[in-house]
Amino acid sequence: MMSHMDVSCMAPVQPENWGHAEWPLGAHLTDDGATFAVYAPDASRVQLEFFPQALGADSVASFLMSEGPDGVWRARVRGVSECDLYGFRVWGGNWPWDPAWRPGSSAGFITDIDEHGNRFNPNKVMFDPYAREITHTVYSDAILETGLDGGAFGTGPDDYRGAPRREADTAHIAPKGVILRPTSPASTKPKLPGEKAAIYEASVSQLVGHPSIVELGTLLSREPGFEDVVNIPEEYLGTYRGVGMMAPYLKALGITTLELLPIHETNQSESAREGHTNSWGYMTLSFFAPNRKYAYDKSLGGPTREFQQMVAAFHEAGLEVYLDVVYNHTAEGGNWGGDPNTVGFTSLGGFAAAEYYVMTASHALVDGATGTSNQLNYSSPVAQQLVLDSLEHWTVEMGADGFRFDLATVLGRKPNDADREDWDNQKRFFTDHPLLTAIAEFAEEKHIEVIAEAWDLWGYEVGNFPQGWAEWNGRYRDAVRRFAKGDGNTIEFLDVVNGDHEHFADNGGPQKTINFIDAHDGFNMADLVSYQEKNNGQPYPFGPSDGGSDGNLSWDSGGSRELRRQRIRNFLTILYLSRGVPMFVAGDEFGRTQNGNNNPWEIDSVAMWNNYAMIPTNAPQQVPVAPGVTDASYHDNLGTFETEPGVNGLFRFTRFLANLRQRHETLQQKYYGDLVPDDRDVSYLFHTPSLEEHPQDGDRALSVYINSPGDNFLMMINMADAEVGFNAPVPAEGRVWRRLIDTGAWAEPADNSWPEGEGMILDGETQVQPWSVVVWHDSPIAGDAG
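Every letter in the sequence shown is one number past the one before it in UniProt numbering, and letter 566, counting from 1, is 566.
Dropping the structure here:
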């Protein structure tokens, strides 16, 4: 590789032609080579280098770049080809160029930090922040084979192998950018309206990492509607290619949208070395590069092609793919050992730390709103542009249909120099922040969805994002969890079931509230009903892990396995009949358990992945963790469903609910029912069980009448510990109320559900069992069923 390259730089383009539109940031192939552009406004020298391999080699060619008036350094090089590898060395005021400098020397060094907070160090090879792929991560096991380790990435004065750490040269171990030719996905996006979405949250590993996928089609052969599901070859375990083959499964389940946990390149080792794991991926190393670990084809360019093929498979099935993105901090980390002089920059911070990161007046990186050692600075236009360019890449070239933004409030904070020691001022959230509004405008232009995790360590802003944004509704999660364990927070519960009108009526409507009971962090649904407290200290493969909330609003259901199964059905029923967009976590549909671990972010183990062997059995938590795993087992919190031995009643119930929502527009609401035409008016009416009064706080039994033109539903919710009698509104002439759902344990032999038009007709008052939900649907009298 690289022997074809011209060893001289072409004449630079004249400054007046140096514009982002003509010569964008990153590396871009031309007819006879490539252009390169990086933003480093305070640098005094930037050197572009090319490498014959990712690790263990010096550069084979280097070129000085020219700085433009916009702070961007550019070069155009002949003979560059696709899949060539490149990196940069950068000098600045704290370390100016000295002709005596050689890699690994201190020639020219003045101080570790310049007056603006930059940490220029020419001994540290930087990769391009805009690289479409990078060769490896800073935690890669292969780094150790070079004789160095991750300590070499650090700057600062402390000792590293007998010399100041700043002198360690990283050419042999630094991740390198991979030059790729832009491509567009060969598929047509479904462009589903936001209100029709039903989201399934999963990581690549969680969805297709478990060896049970090798028999997926066989395991589902008895399940109606899953005929198109196939066995997935073993070599596709944990890969984008394997995920693409899951589209028929999710479609049959009633899901419209797969929301993948972060797939940007992150800091994790291939062997999951202790202290170097990151199962969830919330430490982004590159905002443009797909995680190579998840690719079956790990060759240069392979992850990009495979990701595009995965998205195309979902689009062909009429499904969408959302990406969880982490723009609030990066994997570059913070101040090593609390010393601002020592950092481990490998990309953004090595070019323009003062522009990309929030710092204190003493230039320490801020560990404020994120709790992850660094926080990106969105007062900076170049940081804002980085996010928008990344979104454009993943939307246009990679085919994504939407994004969920981790700790999205960070993108709406505008610290400035005067605020650096004024923490209360730093914490201000701006609904009109230019980045937030630009993202909303981008989403409208590209017909994609953007979803905020609307909180961070500095504040809770659910309902406060600008027009165009949807939001994870933490209020919904907490209110439903509390009511479903008997807290009697009735008015709060009804507010969120009705789409949290107070917070979303002026922000786009109920399709902008993403309703969820659980998410990747915290208890999953089976564990939420099974544990009083987190169980994170258990041994591998279910632990140990740090962190995790102590305020889970969970209840172990008094130890009753029957009640636990019933309460999961309660949660799912309320979720799917509430106004808003439902979301649940991978494996909830069949009873996956994490044995009470509520924060397994670093547990990259088979025990945390979807075990599809749980589906063809009525005792899902009694199956082995995986073939060959004999020293660990699932906690059997759910016991045995009262179904046929080969039937998981929870799986069939979830499928029924999810597909019920897909069939009925009444349950897919863009409006609240006010100020809309009568033929689109869907009203949520709340009454006491007798229908004589409206519910008050402390009431644990109530009815929810979902009233629309010609398609009505009635939810009878009893979260009391005694049986309660309910009445129903008088149906229209020629119509009757038929039972659709009863979450009570008595109905497990019927999978707790009956197809529309086949359920029992309601005749007068009906009794609803303790801790259960019954749903009725109005139907024509014809087709009477018992």
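Even glycine gets a Cβ: it sits at the ideal position worked out from N, Cα and C.
On a predicted model such as this, the values are computed, not experimentally measured, just so you know.
A direct Cα-Cα distance of roughly 8 Å separates R482 from G488. Within the same chain, and ignoring the five residues on either side of D681 in sequence, the residues whose Cβ sits closer than 6 Å to its Cβ are G673.
Taken in chain order, the complete beta strand (DSSP E) segments of 3 residues or longer contained in the region 278-336 are 320-325. Between G350 and M65, the gap from beta carbon to beta carbon reaches 8 Å or more. I451 sits close to E471, with the two beta carbons spaced by under 8 Å. When Q47, A202, T666 are compared, the shortest CA-CA separation from V585 is found for A202. By the Cβ rule, the region 530-544 does not count as touching the region 575-583, because fewer than three pairs are nearer than 8 Å. The straight-line gap separating the alpha-carbon atoms of L638 and P749 is approximately 16 Å.
Our two residues, Y296 and M310, have alpha carbons roughly 12 Å apart in a direct line. For H447, the number of other beta carbons within 10 angstroms of its own is below 16, and it is reported as exposed. One thing to note: R165 has its Cβ no nearer than 8 Å to the Cβ of G177. Taking all protein chains shown into account, V730 has fewer than 16 neighbouring C-beta atoms within 10 Å of its C-beta and is therefore exposed.
Between the alpha carbons of L563 and A720 lies a gap of roughly 13 Å.
The Cβ neighbour count for D432, taken over all protein chains shown within 10 Å, is under 16; the residue is labelled exposed. Counted as a single uninterrupted DSSP element, the stretch harbouring D778 is not any alpha helix (DSSP H) but the beta strand (DSSP E) occupying residues 772-780. The DSSP-derived three-state label of L29 is strand.
The closest CA to that of W601, considering only D521, G254, T688, H635, is found on D521. Look at E642 here: in three-state DSSP terms it is coil, with no helix or strand label.
Secondary-structure assignment with DSSP links L64 through a beta bridge to Q47. Counting of Cβ neighbours within 10 angstroms places K251 among the buried residues, the total reaching 16 or more.
The DSSP assignment places 423-426, 434-446 as complete runs of the alpha helix (DSSP H) inside the region 391-472, in order along the chain (cut-off: 4 residues). When Cβ pairs closer than 8 Å are counted between the two stretches, the region 385-394 is seen not to touch the region 277-284, the count staying below three.
Runs of the alpha helix (DSSP H) lying entirely within the region 348-373, each at least 4 residues long, are 348-356 in chain order. In the structure shown, Y540 falls within a coil segment according to DSSP collapsed to helix, strand and coil. Per DSSP, D112 lies in no beta strand (DSSP E) segment and is marked neither H nor E. Under the three-state reduction of DSSP output, L572 falls in the helix class. In the DSSP secondary-structure assignment, G87 is bridged to E49. When the five nearest sequence neighbours on each side are left out, the beta carbons in the same chain lying within less than 7 Å of the beta carbon of E316 are those of S187, in order along the chain.
If you draw a straight line from the Cα of A313 to the Cα of F590, it comes to about 24 Å. Here F584 is bridged, per DSSP, to Y200. Following the DSSP letters along the chain, one finds Y612 in no beta strand (DSSP E), marked with neither H nor E. Rounded to the nearest whole angstrom, the CA to CA distance from T513 to H501 is 10 Å. The three-state secondary structure of E259, taken from DSSP, is strand. Under the three-state reduction of DSSP output, T666 falls in the helix class. Shown here for L323: same chain residues with a beta carbon closer than 7 Å to its own, the five before and five after excluded, namely L260, I263, W394, A400, F403 in chain order. If you draw a straight line from the Cα of M359 to the Cα of K485, it comes to about 44 Å.
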